[in-house]
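Using the working numbering, count along the sequence shown one by one with no gaps and you end on 446. For each residue, glycine too, the CB sits at the ideal point set by N, CA and C. Accompanying notes for the structure given below.
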Amino acid sequence: NVYSSTEWMANSTKKYRSVFDTKETTYIYTELSFYNKLFDEQDWEAKINLKCFSLDGKNRKELCNIDSKKTISKEDNIVYIRDGWGTDTRGSYWKRGDYIWETYIENILVGSKKFYIENMGLVTLNENPYFDVNSLKFYIGGAEGIIKDRRVYLKKINRKTAQYLFAEFSFINKSENDWFCELFFNFYDDANQLKGQVSSIKYIEKNRKDEIITLEEGWGNSTPGTWIDDSYSVEIVFMDTLVAVASFEVGDEEENGEVEVFSSSDKCTILKTSSINIKEPESIDEVLKELNSLIGLEQIKKKINEHITYLNYIKLRKEKGFDDTEKISLHSVFTGNPGTGKTTVVRILGQLYKKMGLLSKGHVVEVGRADLVGEYIGQTAPKVKESISKARGGILFIDEAYSLARQNDDSKDFGKEVIEIILKEMSDGKGDIAIMCAGYPKEMG
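Here it is, written out as structure tokens:
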């Protein structure tokens, strides 16, 4: 697998991808996983070698050769090998082209993965330089799908006969150049539980600007029974950005028709008339209900509820005209291992603070070391100030914040400059911002 984000996802996974844009890319990482044949028997040593090459037809140019010795513990049933190559500055190392990671164990090639770098620009919720969404439709069929002119598009599928539910996504190409398009099709039930995920890569030839391009993927089984009576949704993700959402129903009969489709831009602007109701919580009680519904996290939920009560008390005193010199501080530090809900809690806090009138927007801007630290003198301060500006009105969430403070006294490391600017903003900045840091308990100590 290949990935660029260091963020941990569910089940100790990463955001695996094969296509990236130069403007978002700092490091490109590779991950190899394998079953340990000596599991529960004995530890053993392995010589690991990771190589990355740029590809130009039949020619290959070596970019890196990373050697390491790894002790494989008998306690590990599955072994993970991870490393990467690049620089801290986005767009400074990886250029448009085709690449491949190769992994060797004891000089034997055991795995390889191609990936592609494009250079049309960052994809965001409001801007996509690659394409405009055209449609998202659903149909059912066998594992191989159905040819396009025989498809019957559905708003509701029959659980008793449905095998694979196919999502057909089409877009209007905005580029004259050739490029690789990678889409992720995420299928969710009405509780927003992930039902399945399928990815699709398509090579778009040059000179196809303004043409409609179609990709499709399905989820299900050759034997009906995968789908039950429920409401489902499909999200289309491109370059780690949500670009389209649509929903469908499952019941005891089919209903023909095209579904309503949402774009991600302009807070889910409707592309076609839609019955999907996407809204933010209406009250503090609703937000607290979402917080308290999280599984576990009892200590953090208790502390947040106490903190909200205290903030309400201070806020009420100020509103009643008491000369209260105590300043309301929204800044926080979260410690915990990957997958312990830190990001979810921060998002909920943003909504809470907005409902309480403490923040004007309540959004969350998540950053890491690569987003804040420059590679050369004079690059760091503008990056930090830009991140603060984007987060103004909401929360600036600094993940793996401990990485800003290196243990050695390296004069060329600009992490200390980031810390100084952040502290100044917290003490005498413009306000209307909460700065929250997260990381492993030991490192954050």
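With respect to the beta strand (DSSP E) encompassing residue i, which residues constitute its N-terminal and C-terminal limits?
| i | result |
| --- | --- |
| Lys203 | 195–205 |
| Gly98 | 98–106 |
| Arg370 | It is not in any beta strand (DSSP E) - Arg370 instead sits in the alpha helix (DSSP H) that spans 370–373. |
| Leu216 | 213–221 |
From this set, the options, which residue's C-alpha is nearest residue i's C-alpha?
| i | options | result |
| --- | --- | --- |
| Gly146 | Thr162, Asp133, Leu166, Lys138 | Leu166 |
| Ala163 | Tyr377, Leu353, Glu255, Tyr94 | Glu255 |
| Arg170 | Leu137, Val153, Asn178, Tyr154 | Looking at the sequence shown, residue 170 is not Arg but Phe. Nearest of Leu137, Val153, Asn178, Tyr154 to Phe170, Cα basis: Leu137. |
| Gly451 | Val385, Ser390, Val374 | Given that the chain is displayed from residue 2 to residue 446, the structure contains no residue 451 and the question cannot be resolved. |
| Ser34 | Tyr28, Arg83, Thr26, Met10 | Arg83 |
| Val134 | Gly369, Gln380, Ala247, Asp400 | Ala247 |
| Ile399 | Asn12, Arg97, Val334 | Val334 |
| Ile29 | Ala402, Phe54, Tyr36, Asn50 | Phe54 |
Could you check the C-alpha separation between residue i and residue j for me, to the nearest Å?
| i | j | result |
| --- | --- | --- |
| Asp57 | Gln43 | 43 Å |
| Met240 | Glu320 | 46 Å |
| Lys304 | Glu287 | 18 Å |
| His332 | Lys302 | 17 Å |
| Asp506 | Gly226 | The first residue shown for the chain is 2 and the last is 446, placing residue 506 beyond what the model contains. |
| Lys362 | Leu350 | 12 Å |
| Asn120 | Glu387 | 22 Å |
| Gly394 | Met357 | 13 Å |
| Ser179 | Tyr131 | With the sequence shown as reference, residue 179 is identified as Asp, and Ser is not the correct amino acid for it. The straight-line gap from Cα to Cα measures roughly 11 Å. |
| Glu217 | Arg91 | 31 Å |
| Ile450 | Leu424 | No information on residue 450 is available, as it lies outside the stretch 2 to 446 that the chain covers here. |
| Asp77 | Leu397 | 37 Å |
| Phe323 | Tyr311 | 16 Å |
| Thr14 | Val366 | 22 Å |
| Gly122 | Trp95 | 13 Å |
| Ser266 | Trp86 | Confidence at Ser266 is low in this model, with a pLDDT of 47, below 50, so its placement is unreliable and the value that follows should be read with caution. If you take the alpha carbons of Ser266 and Trp86, they lie about 33 Å apart. |
| Ser176 | Asn129 | 11 Å |
| Thr27 | Ser93 | 8 Å |
For the alpha helix (DSSP H) containing residue i, list its first residue and its last residue.
| i | result |
| --- | --- |
| Thr336 | Note, Thr336: premise wrong, no alpha helix (DSSP H); beta strand (DSSP E) at 333–336. |
| Met10 | Run containing Met10: none; DSSP gives neither H nor E here. |
| Met427 | 416–429 |
| Thr310 | 299–320 |
| Asn293 | 285–293 |
| Gly351 | 343–356 |
Could you tell me which residues DSSP puts in a beta bridge with residue i?
| i | result |
| --- | --- |
| Leu257 | First, the residue type needs correcting, since residue 257 is Asn and not Leu in the sequence shown. For Asn257, which the question treats as bridged, DSSP gives the partners Leu155. |
| Leu51 | Ile67, Thr104 |
| Phe186 | Val199, Ile237 |
| Tyr30 | Tyr4, Gly85 |
message = Can you confirm whether the region 201–211 touches the region 140–160 when touching is taken to mean that 3 or more C-beta pairs between the two stretches lie within less than 8 Å?
response = No contact exists between the region 140–160 and the region 201–211.
request  = Flag this pair as touching only if the region 93–109 and the region 212–222 have three or more C-beta atom pairs under 8 Å; answer yes or no.
outcome  = At 8 Å Cβ cutoff, the stretches do not touch.
ask   = Are the region 177–189 and the region 15–28 touching, with three or more C-beta to C-beta distances below 8 Å?
value = Because the criterion of three Cβ pairs below 8 Å is met, the region 177–189 and the region 15–28 touch.
query = Just checking, does the region 69–82 make contact with the region 126–145 on the three C-beta pairs under 8 Å criterion?
reply = By the Cβ test, the region 69–82 is not in contact with the region 126–145, since fewer than three Cβ pairs between them sit closer than 8 Å.
request  = Say whether the region 88–103 touches the region 115–135, bearing in mind that this needs 3 or more beta-carbon pairs closer than 8 Å, one atom from each stretch.
outcome  = Touching, yes, given that three or more Cβ pairs across the two stretches are closer than 8 Å.
key: At least 3 beta-carbon pairs within less than 8 Å: the region 31–42 vs the region 191–205   = Taking a cut-off of 8 Å for Cβ pairs, the region 31–42 and the region 191–205 do not touch, as fewer than three such pairs fall below it.
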